[in-house]
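Residue numbers (the working numbering), protein chains in the order written: chain W, 377 to 654; chain R, 377 to 654; chain V, 113 to 433; chain E, 113 to 433.
Heads up, the beta-carbon is just placed ideally off N, CA and C, and yes, glycines get one too.
None of these values were measured; they are calculated from a predicted model.
This report refers to the structure that appears directly beneath it.
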Amino acid sequence: MSSTCTFGEMMIFQIAKTIPDGALTFHGFGSPLVQLAMHVAKRTHAPHMVLIAGATYGVNPRPPFLTATTNDWTMDRGASSSLDIGELFDLAASGRLHRMFLSGLQIDKWGNCNVTGLGDSVIGLKLPGGGGGCNLSCDVGELTLWTAAHRCPPNKNGVRKFRIVEKCDFVTSLGHRLADGTPRTKLGHIGNGPQWLVTDLGVFDFDASGHLRLHALYPDTTVEDVMANTEFSPGISEQLSISDSPSQEVVDIIRQLDPMKVHEKELRPEDRQRSFEI
Amino acid sequence: MSSTCTFGEMMIFQIAKTIPDGALTFHGFGSPLVQLAMHVAKRTHAPHMVLIAGATYGVNPRPPFLTATTNDWTMDRGASSSLDIGELFDLAASGRLHRMFLSGLQIDKWGNCNVTGLGDSVIGLKLPGGGGGCNLSCDVGELTLWTAAHRCPPNKNGVRKFRIVEKCDFVTSLGHRLADGTPRTKLGHIGNGPQWLVTDLGVFDFDASGHLRLHALYPDTTVEDVMANTEFSPGISEQLSISDSPSQEVVDIIRQLDPMKVHEKELRPEDRQRSFEI
Amino acid sequence: MSADQKTTIPMSTSVYTDDSKLIPLSDLVSLVSDGDAIAVGGGLSSREPMAALRELLRAGKKRLHVIGSAHGIDIDMLCGGNAVAATWESYVGFEQDFGMAPNFRRACEDGSVEVHDSCCYTMVQQLRAAIAGLPFMPIRSIRGTDMMKLHPEFKTMECPFTGQELVLVPALKPDVAIIHVQYGDEQGNLCIEGPPVADLLFAQASKKVIATVEKIVSTERLQELGGVSIPYFYVTALSEVPFGAHPTSCYPFYAYDRAHTNLYYTAAKAHDTFVESYLNRYVLDCRDHAEYLNRIGGPAATERLTQWSQGTSSWLELYKA
Amino acid sequence: MSADQKTTIPMSTSVYTDDSKLIPLSDLVSLVSDGDAIAVGGGLSSREPMAALRELLRAGKKRLHVIGSAHGIDIDMLCGGNAVAATWESYVGFEQDFGMAPNFRRACEDGSVEVHDSCCYTMVQQLRAAIAGLPFMPIRSIRGTDMMKLHPEFKTMECPFTGQELVLVPALKPDVAIIHVQYGDEQGNLCIEGPPVADLLFAQASKKVIATVEKIVSTERLQELGGVSIPYFYVTALSEVPFGAHPTSCYPFYAYDRAHTNLYYTAAKAHDTFVESYLNRYVLDCRDHAEYLNRIGGPAATERLTQWSQGTSSWLELYKA
Numbered sequence: 377m378s379s380t381c382t383f384g385e386m387m388i389f390q391i392a393k394t395i396p397d398g399a400l401t402f403h404g405f406g407s408p409l410v411q412l413a414m415h416v417a418k419r420t421h422a423p424h425m426v427l428i429a430g431a432t433y434g435v436n437p438r439p440p441f442l443t444a445t446t447n448d449w450t451m452d453r454g455a456s457s458s459l460d461i462g463e464l465f466d467l468a469a470s471g472r473l474h475r476m477f478l479s480g481l482q483i484d485k486w487g488n489c490n491v492t493g494l495g496d497s498v499i500g501l502k503l504p505g506g507g508g509g510c511n512l513s514c515d516v517g518e519l520t521l522w523t524a525a526h527r528c529p530p531n532k533n534g535v536r537k538f539r540i541v542e543k544c545d546f547v548t549s550l551g552h553r554l555a556d557g558t559p560r561t562k563l564g565h566i567g568n569g570p571q572w573l574v575t576d577l578g579v580f581d582f583d584a585s586g587h588l589r590l591h592a593l594y595p596d597t598t599v600e601d602v603m604a605n606t607e608f609s610p611g612i613s614e615q616l617s618i619s620d621s622p623s624q625e626v627v628d629i630i631r632q633l634d635p636m637k638v639h640e641k642e643l644r645p646e647d648r649q650r651s652f653e654i
Numbered sequence: 377m378s379s380t381c382t383f384g385e386m387m388i389f390q391i392a393k394t395i396p397d398g399a400l401t402f403h404g405f406g407s408p409l410v411q412l413a414m415h416v417a418k419r420t421h422a423p424h425m426v427l428i429a430g431a432t433y434g435v436n437p438r439p440p441f442l443t444a445t446t447n448d449w450t451m452d453r454g455a456s457s458s459l460d461i462g463e464l465f466d467l468a469a470s471g472r473l474h475r476m477f478l479s480g481l482q483i484d485k486w487g488n489c490n491v492t493g494l495g496d497s498v499i500g501l502k503l504p505g506g507g508g509g510c511n512l513s514c515d516v517g518e519l520t521l522w523t524a525a526h527r528c529p530p531n532k533n534g535v536r537k538f539r540i541v542e543k544c545d546f547v548t549s550l551g552h553r554l555a556d557g558t559p560r561t562k563l564g565h566i567g568n569g570p571q572w573l574v575t576d577l578g579v580f581d582f583d584a585s586g587h588l589r590l591h592a593l594y595p596d597t598t599v600e601d602v603m604a605n606t607e608f609s610p611g612i613s614e615q616l617s618i619s620d621s622p623s624q625e626v627v628d629i630i631r632q633l634d635p636m637k638v639h640e641k642e643l644r645p646e647d648r649q650r651s652f653e654i
Numbered sequence: 113m114s115a116d117q118k119t120t121i122p123m124s125t126s127v128y129t130d131d132s133k134l135i136p137l138s139d140l141v142s143l144v145s146d147g148d149a150i151a152v153g154g155g156l157s158s159r160e161p162m163a164a165l166r167e168l169l170r171a172g173k174k175r176l177h178v179i180g181s182a183h184g185i186d187i188d189m190l191c192g193g194n195a196v197a198a199t200w201e202s203y204v205g206f207e208q209d210f211g212m213a214p215n216f217r218r219a220c221e222d223g224s225v226e227v228h229d230s231c232c233y234t235m236v237q238q239l240r241a242a243i244a245g246l247p248f249m250p251i252r253s254i255r256g257t258d259m260m261k262l263h264p265e266f267k268t269m270e271c272p273f274t275g276q277e278l279v280l281v282p283a284l285k286p287d288v289a290i291i292h293v294q295y296g297d298e299q300g301n302l303c304i305e306g307p308p309v310a311d312l313l314f315a316q317a318s319k320k321v322i323a324t325v326e327k328i329v330s331t332e333r334l335q336e337l338g339g340v341s342i343p344y345f346y347v348t349a350l351s352e353v354p355f356g357a358h359p360t361s362c363y364p365f366y367a368y369d370r371a372h373t374n375l376y377y378t379a380a381k382a383h384d385t386f387v388e389s390y391l392n393r394y395v396l397d398c399r400d401h402a403e404y405l406n407r408i409g410g411p412a413a414t415e416r417l418t419q420w421s422q423g424t425s426s427w428l429e430l431y432k433a
Numbered sequence: 113m114s115a116d117q118k119t120t121i122p123m124s125t126s127v128y129t130d131d132s133k134l135i136p137l138s139d140l141v142s143l144v145s146d147g148d149a150i151a152v153g154g155g156l157s158s159r160e161p162m163a164a165l166r167e168l169l170r171a172g173k174k175r176l177h178v179i180g181s182a183h184g185i186d187i188d189m190l191c192g193g194n195a196v197a198a199t200w201e202s203y204v205g206f207e208q209d210f211g212m213a214p215n216f217r218r219a220c221e222d223g224s225v226e227v228h229d230s231c232c233y234t235m236v237q238q239l240r241a242a243i244a245g246l247p248f249m250p251i252r253s254i255r256g257t258d259m260m261k262l263h264p265e266f267k268t269m270e271c272p273f274t275g276q277e278l279v280l281v282p283a284l285k286p287d288v289a290i291i292h293v294q295y296g297d298e299q300g301n302l303c304i305e306g307p308p309v310a311d312l313l314f315a316q317a318s319k320k321v322i323a324t325v326e327k328i329v330s331t332e333r334l335q336e337l338g339g340v341s342i343p344y345f346y347v348t349a350l351s352e353v354p355f356g357a358h359p360t361s362c363y364p365f366y367a368y369d370r371a372h373t374n375l376y377y378t379a380a381k382a383h384d385t386f387v388e389s390y391l392n393r394y395v396l397d398c399r400d401h402a403e404y405l406n407r408i409g410g411p412a413a414t415e416r417l418t419q420w421s422q423g424t425s426s427w428l429e430l431y432k433a
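Here's what the structure looks like:
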């Protein structure tokens, strides 16, 4: 009998733990790790969360299985109701969307994210865009950021292409401070900004100044891994710990819900090999 | 076999004729004469009008019979769809509601109407209010005004309480000019204001300056009746005519749709006695 | 990191997630406080939350601000019960059926109710501002009318895109929306059949939503009945109250009770005796909604109103009463 | 006074009242002009009006501005066919299924498509401004992000009620909304089953609406199927085009064709051969939609996609392709 979980399952669990019970919670699209984390939370510690599915805006759906495309009837089966696109974003703008999840090809030290394009003045590499993430990063109560691409091995010239960067080429979604250091609080947004960042190397929070800080490692990662793969030096929590692993119940929920292992598409091949005792 | 129509049927016909084919047309509530006029228009000369029912916002309903309360399931039976309250008013504000009907306990020479209250500084007599009429008087393409209370016999002291007045005590819905003479065109509203006024004494339009002008009499009314019952002197059209009467078809539609003669509640007892050859 | 560490949600966000929100009607109205701004659902003679309003009067609620579009007996009765301090309605009356609203008129004319008459789109835009968390919404209309005089809180601006003048109407966030609908489930999902009037906007804009429903059904059955109009998380609490809209209609259950409305109107018009002849008898002296239903004539009276669906002539008969 | 005297309605009011609006697909796309701003309905892998877009490409339409929220193969194919001048989308990609959108990326990177990336709520508020006939709508969000740099047309103001800074986003009124839905009637009433994405907003905000539908039914049947989502008077014209969303899904008729999307993606990624290997074969060289359906494999291919409803395992099977 299996007594291990995969890294994907570990990461889903870490994201799930950031969801409080009773929270009105929304995922976007293109985020199977987050979608699974929301279903795990709803079925374990957060039964009263309001789970709003990305793209379909179904409320508390029970999908038969996860698909790699978010706007699919699989994803809102069993929903008790559906919102429309305007209503969902109104909930955020009126302070009633408590938690959302954002990512980026670049994430900076203040939690700003870039999913629009790489390059300084012209677009060198066009990214797909952020959906509603820009609006939501300002309005939603608390954000959980995630990326499964923190680790950036040096190329043959010894150069690393960092994902966790000093400064984003383009700020698609807002973190705790602008590039010039102006704090988000000056802008009068109703959302409090990023609270957690879950990556393939560890779990981070943000210190009082809004700067990224290492909060927990995985059993198989080290502070040195984090430092080498980050363009700047994140703070390190005084209570730095090792993340706890998901229970068998959590792992079973994920495996039942994602028989095609769609969530592994977010992971690099080497991370798919990682496993943890549970 | 009857070859006459009642005054109510005559008045409904005059209102119906102000509705062009193809127009998106809306009635409010408390207006059976108008409701019947819209159904007459839709079933005769304006088959392509979009008939939107007041209060229910049903689109092109076929009510089994008219009720004296507008928000009743009778009134939207057979509707192909229903709008919501916001959508209806958005249509007006975006220039897509072509015709609406307004009335008032006072209607002034520029077509301003008062359904809010009588009295100068304090409210001497509180009227029910105008629903959405204030907004719609600014936004709707063309307005048809109506009242079945133009005639105002002198009381025992010889004083008339005019309904068609020099100046409204309160302007609930906007006509062609403000009380100080400022033309409506200065305000940049998208609607063109009142086009017709149908009363128990005649049919009126508005001259180029926006002033009320007698356009047609009924077979049983005179210019003198109009002048005596109006607080100011309306203009008189060079083509002053006698209104034509409704066809048997029109009369039949009205009688079929309003078996309880709800529309006669808008008429004074003496006007219910008037009849016309058809 | 534990699930509850730094991950609590803020209080008072107007999101309600209890599994069961079914409570008795008397507890439901205790969610309304004296002085609250209440948005009353339904409109004219349709689906007004009359049982809840009668319970409000029995509970002695006072100084309410009433918000709505086109209303009738609901607001008139609250005025007759001296429960209203200010009106932000766009119409209160009985249309062609009976005419002006007697208690409402008197209360406005004698100054006991402040008159802030609104108009439908102005109210829609003010609710939309609240729903979108904005301080205001712009409108183009109402300039040139005296509505501006009743609303010194409105501001104007020059549009930076077009140079035209716009009116900015501030967000309107009722303390409580009080609505009556056909169906609900235990969790508070609500299904409205037929015209929703402004109920959806009220539910989204208000801090609390309290609902009475004709019938509690399962969430699955709600889907079959047309789906959820108002998702549960907007709804604070609800009660099952059959005939809860009486004497206004709640199709497909029952039609408008024109005869009882006539009785009400006649009593209201005879000012001096209204409390005695109507308010005590049908509201204040009733222990509860069940007693009200008895006093209006019991099953014979209510049964009659369900016969609208038997055909046009049965339906028509109800209006001749 | 005659009915037509002074009572004509203004032209170009975006209200369409013809009794029958059913026209062939080739006529439908002739309602789109070169340079038009088009709002494309559906989203991601769902209910995108693919047959209409293929017909647009066959008709050689050029310099289109594309407006939308989260899209995929639809916008990517238009970019691959050199029909796009500017993008106002909030996302164009293939999510976790295949990743970035190859033609869209290239067109943005080589400058042939102007990038005005939007975000969902910004677009919603811009559409709402158009729907309400307002020059702009306010939002609080996006300040502090670089979205402001992509949109010099946005303005800011100090709120006269709160003193806070707001962003004013101008009305967005697409020339044509192009949507695909499950059911319609001859008059143009449309019924959408499942998530409407932004289709309702597009229909209300646009000057014209052109629709393809899986099935034309009677107005009465539309009511039974869930009622009208988009009333006929918004709709300029429509065509009956079964499998008109393929390879995106149009439940309950058919699921997403993952295999064909994979074929598309592979062809698009191999830039140099895209026109030859995909665009000519499946779009430009097809005489019409019927020929397209033959080229993708005929009834055997389309039949397979309808089997999602036979149970979870049949449904799951479609995603393993």
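- Under a criterion of Cβ atoms nearer than 8 Å, the residues of chain W adjacent to Glu207(E) are, in order, Phe405, Gly406, Ala444, Thr445, Thr446.
- DSSP places Arg218(E) in the uninterrupted alpha helix (DSSP H) bounded by 214–221.
- Remark: C-beta atoms of His526(R) and Asp576(R) approach each other more closely than 8 Å.
- Assignment of Cys362(V) by DSSP, reduced to helix, strand and coil, places it in the strand class.
- When the beta-carbon positions are compared, Glu305(V) and Gln316(V) stay at least 8 Å from each other.
- For Cys271(E), the chain V residues whose Cβ falls inside 8 Å of its Cβ are Pro247, Phe248, in order along the chain.
- Along the length of the stretch 467–538 of chain R, whole alpha helix (DSSP H) runs at least 4 residues long occupy 509–515, reported in chain order.
- At least one CB of chain R lies nearer than 8 Å to the CB of Val127(E).
- Short of 6 Å from the beta carbon of Val602(W), and not among the five residues preceding or following it, lie these beta carbons of its own chain, in chain order: Leu577, Gly578, Leu590.
- Cβ-Cβ separation between Phe405(R) and Leu190(V): approximately 20 Å, too far for a contact (criterion under 8 Å).
- By the neighbour-count criterion, in which 16 or more other beta carbons inside 10 Å mark a residue as buried, Ala357(E) falls on the buried side.
- Looking at the backbone, the Cα of Glu326(E) and that of His292(E) are separated by about 8 Å.
- Among the residues facing chain E, His415(W) is not included, as its CB has no counterpart in that chain under 8 Å away.
- The distance from the Cβ of Ile179(V) to that of Ile150(V) is about 7 Å, consistent with a contact at the 8 Å cut-off.
- Annotation for Ala379(V): Phe386, Ser389, Tyr390 place their beta carbon closer than 6 Å to its own, counting only its chain and skipping 5 residues before and after.
- Between Lys267(V) and chain E, the shortest Cβ-Cβ separation is below 8 Å.
- Per DSSP, the continuous beta strand (DSSP E) segment holding Phe402(W) begins and ends at 400–402.
- Listed in chain order, the beta strand (DSSP E) elements of length 3 or more contained wholly in the stretch 536–594 of chain W are 570–574, 578–582, 588–593.
- Taking a contact to require three or more Cβ pairs closer than 8 Å, the stretch 318–332 of chain E and the stretch 193–212 of chain E do not qualify as touching.
- DSSP places Ser617(W) in the uninterrupted beta strand (DSSP E) bounded by 611–618.
- The DSSP-derived three-state label of Lys327(V) is strand.
- Per DSSP, Pro408(R) is not a residue of any beta strand (DSSP E); the alpha helix (DSSP H) it occupies stretches across 408–419.
- Only those residues of the stretch 564–585 of chain R whose C-beta falls short of 7 Å from the nearest C-beta of chain E are listed: Ile566, Gln571, Val579.
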